[in-house]
Each structure stands twice: as structure tokens, then as C-alpha cells.
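Chemist:
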Amino acid sequence: MSREEARAAPPSAAAGGNDLLTPTSLALSLAPPRAPPHHTPHRHLLIGLDPAHVLIDSSEQSPSSSSSSSSDGDNVHPHSYYTDHTIRSRLSSLLPHAHLRLPQRLPHPHLPAGPELGDRITRALGSTLTLETQNSLRDGGGFRRIVDGLVSMSIPSLAATNPSAARKFMKVTRNMTTIRYGKHEMQRIELFMPSGTAQCNGVLFFVHGGAWGSGKPWMYRLIAPPFVELNMAVAIVGYRTYPTADVPGQVEDLERAAATLYKERKFLFHERRREKCGICLMGHSSGAHISLLMLVDRMKRQMNPSNHRIDDFHFTSYVGLSGPYDIGHHFDYEAGRGVEELSPMKPACGSTRRSFRDNSPASRLMSNLVDVDETSTALLSQYFPPSLLLHGIEDSTVPFTATSEAGRIIRSCGITNCVEAYIGGTSHQETVMEMMLGGPTKDAVLEWLKSDDEEQQSNSISMVEKSRL
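Numbering (my numbering), first residue to last: 1474 to 1942.
(1) Which whole-angstrom value is the C-beta distance of residue 1798 and residue 1894, which I expect to be below 8 Å?
(2) In whole angstroms, what is the alpha-carbon distance linking residue 1739 and residue 1668?
(3) Could you compute how far the alpha carbon of residue 1593 sits from the alpha carbon of residue 1735?
(4) Should residue 1789 and residue 1763 be called a contact, given that it needs their Cβ atoms to be closer than 9 Å?
(5) Return the first residue and the last residue of the beta strand (DSSP E) that residue 1895 is part of.
(6) Take the Cβ of residue 1501 as the centre, count every other Cβ of all protein chains shown within 10 Å, and call the residue buried at 16 or more, exposed below.
(7) Could you say which of 1510, 1622 and 1648 lies nearest to residue 1584 if we only look at CA atoms?
(8) So, under 8 Å CB-CB, residue 1504 and residue 1872 are touching, yes? Tell me the CB distance rounded to an integer number of Å.
(9) When DSSP builds the beta bridges, which residues end up paired with residue 1791?
(10) I'd like to check one pair, residue 1665 with residue 1943: are the Cβ atoms closer than 9 Å?
(11) State the DSSP-derived secondary structure class of residue 1679, mapped to helix, strand or coil.
(12) Give me the Cα-Cα distance between residue 1618 and residue 1628, rounded to the nearest whole angstrom.
(13) Name the DSSP bridge partner or partners of residue 1665?
(14) To the nearest angstrom, how far is it from the Cα of residue 1920 to the Cα of residue 1674?
(15) Excluding the 5 residues flanking residue 1864 on each side, which residues of the same chain have their C-beta closer than 6 Å to its C-beta?
(16) How many Å lie between residue 1907 and residue 1656 at the Cα?
(17) Counting only the same chain and skipping the five closest in sequence on each side, list residues whose C-beta sits under 7 Å from that of residue 1817.
(18) For residue 1865, which residues does DSSP report across the bridge?
(19) Rounded to the nearest angstrom, what separates residue 1760 and residue 1676 at their Cα positions?
(20) Report the option in 1899, 1820 and 1843 whose CA atom is closest to the CA atom of residue 1866.
(21) In or out: residue 1653 buried (at least 16 other Cβ within 10 Å) or exposed?
(22) Between the beta-carbon of residue 1887 and the beta-carbon of residue 1600, is there less than 9 Å?
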């Protein structure tokens, strides 16, 4: 599709047309907390079953319901309001046989009657492993070793099925420079430069994902070639993952990495180098979350000159791929899948609802604006760079609603240069794989980065409607 055709196309066509409306995407649009979780009275009522006959098996209850309390009393108990026995009793008395009296409205046309296969597997795993075992794997580094090990073992098969990608990986590795920004092994930057630094047109600062508890820069080296071909320098940032560091520590690692890169390669950030693709901050999954947190913190400092760091530079664009931007909502989603006590997200983000809010970028943005004067508020779009929030519409790891809700909140704060894009038929890992191996995700990101300011503004207006998904 040409640039003119993309601008003239309706929003749904620009993001994949009818591919956006599938049974999977409709079900994900009603994932917790947007709809009650499985095996609750509310859920049974919505799918046309008798809510009075729900049996809450102990193995189906979230193990975090027995987690230790926190000092501020803001404990995390997923879905306890759905399974409380008092609520069940009231439903039974107030809505006897409601599922039979309203056949024309029930069951809900898009609400699945039961968990999908993947969720059934994770729920079975969560109910089989004891709480102590799950927490031990998570907090002792077992989760990181298992996930990183599985990725490493998949490399030979990927190389065998895609020899060109393997050759490209070897070529880009030979041209790599490593920059250390801390004493820990994970605190490193893998830098890839275009041939002839005098022609460098910009910088990509990429933050990998891994559920806050896994991932290494070398796994994402194939991110670099498409941008190096555009004469951009690419910095793939490694940071301390959980349990070595929590989310505030990971954000601080990103700040230190940016400061070190600016200090050691200052010529990359020269004003002249920001004329084309600029200085782009990009993250995938949990990397999108912590990179957006860093961007919000930097925006706050830039709005208050007394807090401005001498090594702060201005990112000219931001791209978030498949990011979980509301931690409280994503915890409810993980609880519905039975992985909330195995996933590093809960402890990495503070373990309480209050900490979840504080570590959610859109919520932090709103909090930062409470004491800002009207003059500064009117200039928010100057402090917050043009942003693209992109999500696969069939992402069952982080549902696309995370992007639509974040985009809506960011724009409600007066930041108009925030664009949403949804890729049809695309899952969570496919977004980053398409960035490395080619596909609609890479095409959409590169087209957006190469567009001028006028086109970005036009696209942001036309894509606002997508936040209603």
C-alpha cells in the first residue's frame, strides 16, 4: 500500500482490514478484567449457565489469594470479589434461574464458555505446582534460566529453517561493539553501526522483553539490520532482569545505558543526526513497559528544568510493541491464566495494587500532571515525542486491549501525537519476530518512522477510532 493510499484508507483497512475482527480477537477484547474470569457466578450468568450452581474448586482458586499481606494493606487478591461466598448467595437469591429467563440475551455471543487450550495448560500447571515451588522458581532465578535456556535451544532449529537469517545473524555479530555501563554482566549495550558513521541518520535504542525476568540482547540482534540499512545506529540494551532488579532498577538501568551511550558516542546525538528517523526509543512486551516508564520520567524532568540532567537527550519518537502498560489489569489477566505467581511481574512491580498503579506508565503520566501549570500542559506534545503503540490483534500473552487503553489515557492527557496500530492475525512473539525476519510489523514501523510530521499527525487522528476495539 502506498503512502497516499494508507492515508486515504479507513482506519480498519490501514491496520489489517477485516482480519481485526476474529473470534480470537473478540474473545481477547473481553479478557479479565473486562469480563469476569472463568468458573465464577458472574461468568456462568453471562454464558447462559446457572450462577447458583458454580462449584469453586480449591485447585482453581488463585494461589496468590493466600499470599502474605503488605504493610500498606493494599493486598493483591485476584478475582476475590467474584468468588466471595456472600456474592454467590446474593446471586442465587436475587437471580434464580436468570439464565433461563433471558434466553434472547444469553449466552454472550463473544464470551468463550471455557479457557482456551493454552490457558487450560497454564491453569493446570498453576494448580499442580505448589505456591512455594512457583515462588522459588520465580524468585530464585529458575524462571530466567528455563526461559533463556528454551530460547537458546530453539536457535539451531531456527537457523536450519531460515538459513538467510542465520547468515545475517553472523554478519551483524561480526560488526557489533559492546559497551558496558555497569558492573553487572547484564548491564551492557550491543551497538551496531552503519558503514561510514559520517552518514548516520539516527539512533534506535531498543529494549528487549522477557516478562521482566528473562531475555538477553544477543537474542534480538536481528532487530538491527533493517535499521542499519537505513543508516541508523542500533543500540540493543541489556538490563538486570528479576530477581536481580525490580522495575525501578530496570528503568534506572535504561537511564544509565542512555547516559553512557550519549557520553561515549556523543556524535550520534548531534542535532544534525535527528533530521530523518531521529533518536527512536523502542521496546517489546515488558521492554515496552519499562521504556515507556523511562520516557514518562524523562518528560517530567524536562518539564522541570531544575531536575534536568546534563546527560538527558530528547527521544524524537517512541515505538511500543505488544506492551502491558497497565500492571493491575495485566495481573488480573495473568491470574485468569493461572501464572500470576510464577510470572516475575508481580514482585518486580511491587506486589500491591498501589505499586501496580505507580508502575503503570499511563497512571504515572496522569500523576505527574497533577501539579503542572496550564501553560506546561498545553505544551505536552512538545515534551512527549510522536509515539506508535502497535499490537498483534491475536496476542494471547498480552491482549491488545492493553494498547488501546494506554493510547486512550495518553491522549486524554492532552498528548495528541500518539498513534495506535493493530496487526491482524499476529500473536505476541510474532510482532518481534516480524521485526527481525520481516513481515507486517516491520513494514508498519518503518513506514511510520520514515513519514514526516504532517503524515504522523494525520495518521494519529485517523487511528484514534481504533482505541474503541
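Note that beta-carbon positions come from the ideal geometry of N, C-alpha and C, so glycine has one too.
Only a predicted model underlies this, so the values are computations on that prediction, with no experimental measurement involved.
Modeler: The structure says:
(1) On the sequence shown, position 325 is the one that residue 1798 refers to. On the sequence shown, position 421 is the one that residue 1894 refers to. With a Cβ gap of about 15 Å, residue 1798 and residue 1894 do not count as contacting.
(2) Translated into positions along the sequence shown, residue 1739 becomes position 266. Translated into positions along the sequence shown, residue 1668 becomes position 195. Rounded to the nearest angstrom, the two C-alpha atoms are 18 Å apart.
(3) Taking the first residue of the sequence shown as 1, we reach residue 1593 at position 120. Taking the first residue of the sequence shown as 1, we reach residue 1735 at position 262. Taking the straight line joining both Cα atoms gives about 47 Å.
(4) Here the question's residue 1789 lines up with position 316 in the sequence shown. Here the question's residue 1763 lines up with position 290 in the sequence shown. No; because the gap between Cβ atoms is not below 9 Å, this pair is not in contact.
(5) What you label residue 1895 is simply residue 422 of the sequence shown in a count that begins at 1. Residue 1895 -> beta strand (DSSP E) spans 1891-1896.
(6) Within the sequence shown, residue 1501 is the residue found at index 28, counting from 1. With 16 or more other Cβ atoms within 10 Å, it is buried.
(7) For the purposes of this step, residue 1584 is taken as the residue at position 111 of the sequence shown. Cα-wise, what sits closest to residue 1584 is 1510.
(8) Within the sequence shown, the letter at position 31 stands for residue 1504. Within the sequence shown, the letter at position 399 stands for residue 1872. 5 Å between Cβ atoms; contact.
(9) As a first step, residue 1791 is located in the sequence shown; it is residue number 318 there, counting from the start. Partner(s): 1754 and 1860.
(10) Any question about residue 1943 goes unanswered here, given that the chain covers just 1474 to 1942.
(11) Here the question's residue 1679 lines up with position 206 in the sequence shown. Strand at residue 1679.
(12) Taking the sequence shown and counting its residues from 1, the one referred to as residue 1618 is at position 145. Taking the sequence shown and counting its residues from 1, the one referred to as residue 1628 is at position 155. About 16 Å.
(13) Start at 1 with the first residue of the sequence shown, and residue 1665 comes out as number 192. Paired residue(s): 1649 and 1707.
(14) Reading the sequence shown from its first residue, position 447 is the one you call residue 1920. Reading the sequence shown from its first residue, position 201 is the one you call residue 1674. Their Cα atoms are separated by approximately 16 Å.
(15) As a first step, residue 1864 must be located in the sequence shown, where it is residue number 391. Cβ within range, chain order: 1795, 1873, 1876 and 1895.
(16) As a first step, residue 1907 must be located in the sequence shown, where it is residue number 434. As a first step, residue 1656 must be located in the sequence shown, where it is residue number 183. If you take the alpha carbons of residue 1907 and residue 1656, they lie about 33 Å apart.
(17) Working through the sequence shown from its first residue, we reach residue 1817 at position 344. 1611, 1616, 1684, 1685, 1686 and 1715.
(18) The count along the sequence shown starts at 1 and reaches residue 1865 at position 392. Its beta-bridge partners are 1896.
(19) For the purposes of this step, residue 1760 is identified with residue 287 of the sequence shown, where counting begins at 1. For the purposes of this step, residue 1676 is identified with residue 203 of the sequence shown, where counting begins at 1. C-alpha separation (whole angstroms): 17 Å.
(20) Translated into positions along the sequence shown, residue 1866 becomes position 393. With distances taken between Cα atoms, residue 1866 lies closest to 1899.
(21) Within the sequence shown, the letter at position 180 stands for residue 1653. Its Cβ having fewer than 16 others within 10 Å, residue 1653 is exposed.
(22) As a position in the sequence shown, residue 1887 is number 414, starting the count at 1. As a position in the sequence shown, residue 1600 is number 127, starting the count at 1. The answer is no: Cβ separation not under 9 Å.
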